[in-house]
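The numbering of the sequence shown is the numbering used here, which starts it at 9 and goes up by one.
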Amino acid sequence: MNLEAPLKSYVDAKTATMLADGLELHTVGDLLRHYPRRYAERGKLTDLRRLQAGEHVTVLGEVRRVDVRPMKDRRKRMLDVTITDGHATLLLRWFNQPWRTRDLVVGRQALFAGKVEEFKGTRSLKNPEYQLIGDDASDADAAAEFAGAMIPVYPSSEKVHTWLVARCVRLVLDTIGTLDDPLPHDLVARHTLLWLDDALRMIHRPESYDDVVAARRRLKWDEAFVLQVALAQRRREARRTPTPSRVRLPGGLTDAFDESLPFELTEGQQAIGRVVEEELAATHPMHRLLQGEVGSGKTVVALRAMLTVVDAGGQAALMAPTEVLAVQHARSIRDLLGPLGMAGELGGAEVATQVALLTGSMGAAARRNALASIADGSAGIVVGTHALLETGVVFRDLGLVVVDEQHRFGVEQRDVLRAKGGSAPHVLVMTATPIPRTVAMTVYGDLETSTLRELPRGRSPIRTAVVPAAEKPGWLDAAWGRVREQVAEGRQAFVVCPRIGEAESEEPTGDEPADPETRRPPLAVADVFPMLRDGPFAGLRVEMLHGRLPADAKDAVMRRFARGDIDVVVATTVIEVGVDVPNATVMIVMDADRFGISQLHQLRGRIGRGSAPGLCLLVTDMPAGTPARERLDAVAATADGFELARLDLAQRREGDVLGASQSGRRSSVRLLELLEDEDLIVEARAEATALVERDPELATAPALAAELARAVDEERAEYLEKA
């Protein structure tokens with residue numbers, strides 16, 4: 009049986025339309041992979057204490073009390089039914105529907121669905137839909153759907169309730185016959201998995217939780233294996249794509265650069281450098297993810313790769329997500345290269361290249377010069393923002409694309425730059441946001457991964473503490489005092505705010521949690537800057553920095569801060585990555601609970617970059633015991649970015665690793681959990697890689713090929729290809 013069969017072949021046209029419009033369920037496969045969210049057990053009623061106002065819920069409750077009373081219009085009646093779970097109660101209210109008392113009698117159990125409302129401490133459902141449970145259910149279909157001890161509760165909508173989904177699932181399961189199983193039979197046996205038919209029946213109509221566990225394990229394998237096969241095919245295809253070999257030139261720029269370095273490369277930098285060098289020398293493109301802790305020296309690894317490509321006659325482009333970061337990268341690369349980056353200039357080395365910078369706000373003359381040096385190849389290293397993607401930017405021979413903080417770019421943007429290479433260029437993706445192993449194998453599964461964990465010698469420790477401003481306002485005063493102390497000792501500081509000062513969405517932090525309606529707006533640079541300048545920091549040299557400043561103004565602030573001419577910079581997250589001021593030792597993050605875990609870790613990486621220890625203070629008005637406060641406590645408790653990345657992922661939705669969020673399509677990953685299922689994902693990757701090596705076109709696995717085509721349709725295949 010084909011899972012692509014339309015649902016209208018099994019249910020009536022009206023129901024098929026409701027499922028399509030309300031839940032985006034169009035085919036048999038869509039319905040059978042619309043798994044129960046949870047299961048209600050007979051005799052175990054839903055915990056009503058956990059209900060939250062505003063959420064749409066389906067609860068199993070028992071009728072405790074029924075009241076019918078007149079409304080203002082004496083001809084109409086209001087029906088109030090109180091249900092209980094044995095501990096708490098919930099009010100159900102219908103208007104002018106007294107006939108429902110025939111169904112809703114004291115002691116009867118039913119599923120009730122509706123939106124939770126709260127008024128003066130009383131929670132209620134207005135005009136809820138319901139389905140009676142038990143032998144006294146008036147609906148024969150309902151009795152059949154909920155005949156077992158475990159009642160499936162499905163993700164539903166306002167018009168499509170869980171019992172309608174259950175009814176359709178029963179109709180389909182009773183008539184579809186045997187399904188084509190996409191997993192190879194030897195794999196199913198090797199990992200002691202259920203057959204697909206059994207797994208789908210057991211997850212929708214289980215007799216026990218053991219059935220659910222076994223079914224979920226098999227269905228997670230479907231999701232993980234199909235994804236890993238797609239990624240294995242892409243890795244294989246990449247290895248077959250020809251590209252010019254970029255072999256390191258003895259006595260060239262890379263050798264000269266290594267000799268000029270005033271510090272010794274870490275073991276990690278050396279080891280990854282050797283791997284990258286081997287891949288650049290190959291005749292198929294490198295696709296590598298370089299991740300590492302903040303300050304672990306990724307830029308030096310990338311620069312050595314760029315120099316190797318320049319030595320081989322090609323060019324390298326580094327694309328950064330913000331203008332501030334692009335300017336910082338260009339400046340730090342020029343500083344690291346010294347005379348080696350001054351080809352054609354007075355004082356340039358005999359073996360040298362040029363470093364070009366291209367941003368959207370450059371003047372016409374500077375832009376013309378940059379474009380000319382890129383086109384004729386004299387600029388071996390090109391650093392830029394999205395401006396590199398414009399049609400007027402032409403490279404003579406683009407051999408390496410380095411993308412910094414890949415998650416900040418859209419898939420199409422990365423692909424446009426890669427396409428400028430003529431032949432397929434090598435690709436090196438850098439991120440300072442540590443990525444859990446399973447995410448690297450899924451979201452970045454077509455990339456080989458290298459990790460820098462070792463920090464260069466001389467990096468100082470950073471102490472992090474939470475400042476509960478609402479509970480202990482004196483602590484905030486002490487924080488300002490700590491900044492003044494550090495400035496008196498010749499050090500510098502950052503104060504970070506969530507927004508600029510106008511509309512809250514102008515410069516979002518990227519992963520801040522939603523705020524309750526009662527919270528004040530996030531603190532803004534435009535408000536905090538004058539408060540600090542005229543108050544706690546009076547007499548200090550204070551400047552502000554944010555994304556809406558003109559490019560030359562932003563650059564001027566950063567140059568003066570780097571020179572030590574500014575004591576304190578009050579900024580947005582524009583300083584989150586790439587800013588390197590070793591003399592900065594203190595950072596105060598205002599409204600820190602409005603930032604994500606990984607973002608806070610990135611921010612504090614801007615301090616402690618020199619010999620003096622760093623201090624990061626996370627200011628919040630959220631009380632102890634709240635989830636937001638617990639996140640801040642976790643950041644303060646460890647400096648291990650990889651541990652924080654796992655915690656960050658655990659607190660988020662899994663997301664659609666096949667890009668549904670970008671393509672607007674329904675996710676093909678519903679059960680797989682990237683942290684909990686790490687071992688399963690590792691096994692699926694190994695099995696998928698071995699299968700694709702044996703049978704690249706899946707000629708021996710037609711059911712798998714069909715499932716792959718369904719899950720990775722043309723749009724998602726394009727996403728994976730570009731990613």
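C-beta atoms are modelled at their ideal positions from N, C-alpha and C, and glycine is treated no differently. Keep in mind the model is a prediction, meaning the values are calculated, not measured.
CB of residue i within 7 Å of CB of residue j, strictly
| i | j | result |
| --- | --- | --- |
| V124 | L56 | no |
| F265 | Q323 | no |
| M350 | A360 | yes |
| A432 | T251 | yes |
| L365 | L396 | no |
| T628 | D601 | yes |
| H337 | V391 | yes |
| P476 | E413 | no |
| D205 | L179 | no |
| W488 | P544 | yes |
Backbone CA spacing between residue i and residue j [nearest angstrom]
| i | j | result |
| --- | --- | --- |
| E651 | K306 | 19 Å |
| R131 | H95 | 14 Å |
| S669 | A719 | With a pLDDT of only 40 at S669, under the threshold of 50, the placement of this residue in the model should not be trusted, and no figure is reported. |
| A24 | R244 | 40 Å |
| E520 | A642 | Its pLDDT being 43, under 50, E520 is placed unreliably by the model, and the measurement read from it follows with that caveat. Roughly 16 Å separates the two Cα atoms. |
| L202 | G62 | 39 Å |
| M79 | L112 | 20 Å |
| L611 | I605 | 10 Å |
| R342 | L311 | 11 Å |
| P270 | I389 | 21 Å |
| S216 | R110 | 33 Å |
| G303 | L463 | 7 Å |
| E456 | L298 | 9 Å |
| I735 | A289 | In the structure displayed, the chain extends from 9 to 731; residue 735 sits before or after that span and is not available. |
| A4 | P590 | Look at the range of the chain in this structure, 9 to 731, and you will see that residue 4 is not part of it. |
| P214 | E287 | 51 Å |
| A232 | L191 | 11 Å |
| E12 | D194 | 25 Å |
| V550 | V577 | 6 Å |
| W171 | V161 | 8 Å |
| L140 | D687 | 42 Å |
| D81 | L87 | 14 Å |
| S468 | R41 | 51 Å |
Nearest-angstrom Cβ-Cβ length linking residue i and residue j, presumed shorter than 8 Å
| i | j | result |
| --- | --- | --- |
| L626 | V474 | 5 Å |
| L15 | V168 | Wrong, their Cβ atoms sit about 12 Å apart, outside the cutoff. |
| A7 | R556 | Within the shown structure, residues of the chain are numbered from 9 to 731, placing residue 7 beyond reach of any answer. |
| A121 | E137 | 5 Å |
| A223 | A207 | 4 Å |
| R72 | T97 | 7 Å |
| A559 | S369 | 4 Å |
| D296 | S458 | The sequence as given places Arg at residue 296; Asp does not occur at that position. Correct: roughly 6 Å between the Cβ atoms. |
| L181 | L133 | With 8 Å as the limit, L181 and L133 do not qualify as a contact, their Cβ atoms being about 30 Å apart. |
Residue i classed as buried or exposed, judged by whether at least 16 other C-beta atoms fall within 10 angstroms
| i | result |
| --- | --- |
| H554 | buried |
| F127 | exposed |
| G300 | buried |
| V587 | buried |
| E267 | exposed |
| L68 | buried |
| E695 | buried |
| A438 | The question names Ala, but residue 438 in the sequence shown is Met. With 16 or more other Cβ atoms within 10 Å, it is buried. |
| F569 | buried |
| K228 | buried |
| D648 | exposed |
| I715 | Checking the sequence shown, residue 715 turns out to be Glu, not Ile. Under this definition E715 is a buried residue. |
| G672 | Any reading at G672 needs caution, since the residue's pLDDT is 40, under 50, leaving its predicted position unreliable; the model's value is listed next. It counts as exposed. |
| P524 | At P524, the pLDDT of 43 sits below 50, so the modelled position is not reliable; the number obtained from the coordinates is stated separately. It counts as exposed. |
| G37 | buried |
| Q278 | exposed |
| G633 | exposed |
| V19 | buried |
| W107 | exposed |
| V308 | buried |
| E722 | At E722 the pLDDT is 45, less than 50, meaning the model places this residue with poor confidence and gives no usable figure here. |
| A378 | buried |
Interface flag, residue i vs chain C, CB-CB below 7 Å
| i | result |
| --- | --- |
| L15 | Given the protein chain composition of this structure (a single chain), no chain C is represented. |
**Study point:** Whole runs of the beta strand (DSSP E) within the segment 171-238, excluding any shorter than 3 residues
**Key:** Under the rule that a run must span 3 or more residues, no beta strand (DSSP E) segment is found entirely inside the segment 171-238.
Practice item. Entirely within the segment 273-359 and at least 3 residues each: give me those beta strand (DSSP E) ranges in chain order. Key: With a minimum length of 3 residues, the continuous beta strand (DSSP E) runs that stay inside the segment 273-359 are 295-300, 323-327.
Review point. If you scan the segment 549-609 from start to end, which runs of the beta strand (DSSP E) of 3 or more residues do you find wholly inside it?
Key: Counting only runs of 3 or more, we get 550-553, 576-579, 592-597.
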